[in-house]
Amino acid sequence: MARNLLKRYFPTPETIRNNPALRMFDKFLHDPNLFHLNRHSVSVAFFWGLFIAIIPIPGQMPLAALAAVVFRCNMPIAVALAWVSNPFTTPFILVISYAIGSFILQSKHLSFDPNAITFEWFMSSVGIIWKPVLLGCIITGLIAGALGYFAMQLYWRWHVSRAWSKRRKMRQAKSH
821 MARNLLKRYF PTPETIRNNP ALRMFDKFLH DPNLFHLNRH SVSVAFFWGL FIAIIPIPGQ
881 MPLAALAAVV FRCNMPIAVA LAWVSNPFTT PFILVISYAI GSFILQSKHL SFDPNAITFE
941 WFMSSVGIIW KPVLLGCIIT GLIAGALGYF AMQLYWRWHV SRAWSKRRKM RQAKSH
């Protein structure tokens, strides 16, 4: 099962609690939901991890960990999902977010040549694009988080019903 695979690669609660860099947060790390792999904890972690990954702010991993503590969800999953935005995916996320934000705000959509995008172009355009990008990121993050939440809910239910079906078939085979 995916649970066993995740347990193999994720750090144990003791490893996280005993990390010297995290000692100051020790009193917040005792909630068992921060490390349990159950339907609620994983689904909420998917929501917050994906939402925070889409928002273009520095410190996404600590923010995802803080969200996990506040909303009592699986911390390793929330923090790992913050890596959805990385140097390879961020340009696509920002372009899609800008398109969504400018559509909703009905603002003038900037046309640009992808080959002509430079730091100077970005700095001269930031005053025009920041509102659509921010609004688009929030909307895209909410959509991505909600899709992740419901996908995990559906996956978890499918997996449990499949396991129950297998057990039922095994019991029927043994009784005959």
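FYI, our numbering numbers position 145 of the sequence shown as 965, with every residue one higher than the one before it. Glycine included, each C-beta is placed from N, C-alpha and C at the ideal position.
Distance, residue j Cα to residue i Cα
| i | j | result |
| --- | --- | --- |
| I916 | A888 | 27 Å |
| S922 | V953 | 8 Å |
| L883 | L849 | 15 Å |
| L974 | F939 | 43 Å |
| M990 | W984 | 10 Å |
| G961 | F891 | 17 Å |
| A865 | M895 | 7 Å |
| R982 | Y829 | 24 Å |
| F947 | L901 | The amino acid occupying residue 947 in the given sequence is Gly; Phe does not appear at that position. Taking the straight line joining both Cα atoms gives about 30 Å. |
| K951 | L870 | 21 Å |
| S945 | I963 | 26 Å |
| L857 | M972 | 12 Å |
| M881 | H996 | 54 Å |
| P852 | I836 | 13 Å |
| R987 | K994 | 11 Å |
Residue i, enclosing alpha helix (DSSP H) - first and last residue
| i | result |
| --- | --- |
| Q880 | Q880 to F891 |
| H860 | R859 to I874 |
| K928 | Looking at the DSSP string, K928 is not in any alpha helix (DSSP H), and its letter there is neither H nor E. |
| W903 | No alpha helix (DSSP H) contains W903, which DSSP labels as neither H nor E. |
| T835 | P833 to R837 |
| L967 | F939 to S995 |
Burial state of residue i, where buried means 16 or more other Cβ atoms lie within 10 Å
| i | result |
| --- | --- |
| W868 | buried |
| A898 | buried |
| Q992 | exposed |
| I913 | buried |
| I924 | exposed |
| I874 | buried |
| Q926 | exposed |
| I999 | Residue 999 is absent from the model: the chain starts at 821 and stops at 996. |
Neighbourhood of residue i by C-beta, 6 Å cutoff - its chain only, sequence neighbours within 5 removed
| i | result |
| --- | --- |
| W976 | R859 |
Neighbourhood of residue i by C-beta, 7 Å cutoff - its chain only, sequence neighbours within 5 removed
| i | result |
| --- | --- |
| L955 | G921, I924 and L925 |
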